[in-house]
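Peer 1: Got a structure for you, questions after.
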Amino acid sequence: MDDIVVPNKGFKRRTFPKYSLLDHTAFDDALQRQCRGAHIEDLWIPYFAVAADVDRAGQSLYLIRRGPLWKAVRASCSIPAILPPMFTDDGRMLVDGGVVDNIPLSPMKGLKSGPNLIVYFDVPPAEPHAVTYESIPGRWELLGRLLNPFAREKLPNVPGPVSVLRRCFGIHQSPALLPIEPLDLVLAPPPFPGSSFIDFDRHSDVFEAAYKWCTLQLDHLEAKHHPALEAILAVRS
Numbered sequence: 393m394d395d396i397v398v399p400n401k402g403f404k405r406r407t408f409p410k411y412s413l414l415d416h417t418a419f420d421d422a423l424q425r426q427c428r429g430a431h432i433e434d435l436w437i438p439y440f441a442v443a444a445d446v447d448r449a450g451q452s453l454y455l456i457r458r459g460p461l462w463k464a465v466r467a468s469c470s471i472p473a474i475l476p477p478m479f480t481d482d483g484r485m486l487v488d489g490g491v492v493d494n495i496p497l498s499p500m501k502g503l504k505s506g507p508n509l510i511v512y513f514d515v516p517p518a519e520p521h522a523v524t525y526e527s528i529p530g531r532w533e534l535l536g537r538l539l540n541p542f543a544r545e546k547l548p549n550v551p552g553p554v555s556v557l558r559r560c561f562g563i564h565q566s567p568a569l570l571p572i573e574p575l576d577l578v579l580a581p582p583p584f585p586g587s588s589f590i591d592f593d594r595h596s597d598v599f600e601a602a603y604k605w606c607t608l609q610l611d612h613l614e615a616k617h618h619p620a621l622e623a624i625l626a627v628r629s
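Heads up: the sequence shown at position 218 corresponds to 610 in the working numbering, and the numbers run straight through without jumps.
Here's what the structure looks like:
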């Protein structure tokens with residue numbers, strides 16, 4: 393992640409918004425370099441990626457189990473409008489699987505038996521929006537108010553496109569909707585202060601905070617002899 397998003401600025405290179413808001417080429421180059429030409433079917437750990445086939449209503453959840461690893465990862469993180477979609481050899485147009493299922497436990501259960509570990513990043517509920525639709529300015533009025541520091545402060549507090557997109561990904565993201573069984577373990581880290589949906593520069597900070605939180609949780613569950621954790625550790629050993 394550090395190589396992809398920090399020195400290569402994989403998620404900071406803006407482009408002319410004909411195909412996407414960001415230039416995908418640096419991101420793709422770094423991703424290919426990290427995947428080192430590996431194919432999914434040759435990996436030492438079973439793997440699948442989930443993408444959304446936006447042209448097939450009702451059948452849009454698309455599992456990728458073969459082919460170049462970098463393309464599978466790239467398809468699974470093709471955030472709509474932010475990055476261009478991925479296209480398959482048979483003509484499918486794929487975007488981030490979170491559009492359909494951001495916690496693909498059901499596909500996992502269809503591919504394997506045994507315990508599962510589900511990491512769930514909660515989207516905090518939003519407060520009611522104290523804004524009227526009519527207050528959103530058009531482009532020329534918006535430009536004028538953005539250039540005027542006094543008028544800029546009075547712009548309506550409307551969530552930006554990235555914030556709205558993040559909320560859309562969270563619509564189908566809830567452990568209450570998942571087929572949780574007794575030997576499935578759900579870990580839900582709390583929100584980490586200062587981190588946002590695509591602020592990947594802080595990934596190291598988020599990683600460290602998540603690691604410390606998870607270590608404490610696992611120690612607590614192990615002390616309680618949690619059956620799901622014991623089943624997962626037994627499979628791993």
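Heads up, the beta-carbon is just placed ideally off N, CA and C, and yes, glycines get one too.
Have a look at Pro499 and Ala464 and give me their C-alpha separation to the nearest angstrom.
Peer 2: Cα to Cα, the separation comes out at about 16 Å.
Peer 1: So what's Ile432 in DSSP terms, helix, strand or just coil?
Peer 2: Residue state, collapsed to three classes: helix.
Peer 1: For Ala568, is the classification buried or exposed, using 16 other Cβ atoms within 10 angstroms of its Cβ as the cut-off for buried?
Peer 2: The residue in question, Ala568, is exposed, as its Cβ has fewer than 16 Cβ neighbours within 10 Å.
Peer 1: If you reduce the DSSP assignment to three classes, tell me which class Phe561 lands in.
Peer 2: Here Phe561 sits in helix by DSSP.
Peer 1: For the 8 Å Cβ check, are there 3 or more pairs between the stretch 437-447 and the stretch 421-428?
Peer 2: No, because fewer than three Cβ pairs between the stretch 437-447 and the stretch 421-428 fall closer than 8 Å, the two stretches do not touch.
Peer 1: Taking Asp415 and Arg406 to be in contact with their CB atoms under 8 Å, please state how far apart those CB atoms are, rounded to whole angstroms.
Peer 2: The Cβ separation is near 7 Å, so the contact holds.
Peer 1: Using the Cβ count rule (16 or more neighbours within 10 Å means buried), how would you classify Ser596?
Peer 2: With fewer than 16 Cβ atoms within 10 Å of its Cβ, Ser596 is classed as exposed.
Peer 1: Beta-carbon within less than 8 Å of Cys427's beta-carbon, same chain only, minus the 5 sequence neighbours each way: which residues are those?
Peer 2: Excluding positions up to five away in sequence, the list reads Pro460, Leu461, Trp462, Val465.
Peer 1: Taking the Cβ atom as the reference point for each residue, do Val487 and Pro507 lie within a distance shorter than 7 Å?
Peer 2: No, the Cβ-Cβ distance between Val487 and Pro507 is not below 7 Å.
Peer 1: Where does Tyr454 land, buried or exposed, given buried means 16+ other C-beta within 10 angstroms?
Peer 2: With 16 or more Cβ atoms within 10 Å of its Cβ, Tyr454 is classed as buried.
Peer 1: What is the DSSP secondary structure of Val627, counted as helix, strand or coil?
Peer 2: Val627 falls in the helix class under three-state DSSP.
Peer 1: Below 8 Å, how does it come out for the stretch 574-587 and the stretch 614-623: are there three or more Cβ pairs, yes or no?
Peer 2: Judged by Cβ distances under 8 Å, the stretch 574-587 makes contact with the stretch 614-623, as three or more pairs qualify.
Peer 1: Given a cut-off of 7 Å on the beta-carbon distance, is the pair Pro548 and Ser527 in contact?
Peer 2: Their beta carbons are under 7 Å apart, which means Pro548 touches Ser527 by this criterion.
Peer 1: Unbroken beta strand (DSSP E) runs of length 3 or more, entirely within the stretch 488-552: which are they?
Peer 2: Taking only runs of at least 3 residues, the beta strand (DSSP E) segments lying wholly in the stretch 488-552 are 508-511.
Peer 1: Could you name the residues of the same chain whose beta carbon sits closer than 7 Å to that of Tyr614, not counting the 5 residues immediately before and after it, in chain order?
Peer 2: This sequence places Glu at residue 614; Tyr is not what is there. Result list for Glu614: Leu621, in chain order.
Peer 1: Report the three-state DSSP secondary structure of Phe599 (helix, strand or coil).
Peer 2: DSSP places Phe599 in helix when its eight states are reduced to three.
Peer 1: What would DSSP say about Phe479, mapped onto helix, strand or coil?
Peer 2: Note: Phe479 maps to strand in three-state DSSP.
Peer 1: Could you check which residue in Asp447, Lys410, Val446, Arg458 has the C-alpha nearest to that of His431?
Peer 2: Measuring from the Cα of His431, the nearest candidate turns out to be Arg458.
Peer 1: DSSP puts Met485 in a beta bridge; with which residues?
Peer 2: Answer is Phe479, bridged to Met485.
Peer 1: Can you tell me whether Phe592 is buried or exposed? The criterion is at least 16 other CB atoms within 10 Å of its CB, across all chains shown.
Peer 2: That one is buried.
Peer 1: Closer than 7 Å by C-beta to Leu497: which residues in its own chain qualify, once you throw out the five before and the five after it? Chain order, please.
Peer 2: Asn508, Ile510, Leu570, Pro571, listed in sequence order.
Peer 1: Tell me which residue opens and which closes the alpha helix (DSSP H) that Ala467 is part of.
Peer 2: Ala467 -> alpha helix (DSSP H) spans 461-468.
Peer 1: Looking at the unbroken beta strand (DSSP E) that takes in Leu455, where does it start and where does it end?
Peer 2: Start and end: 453-456.
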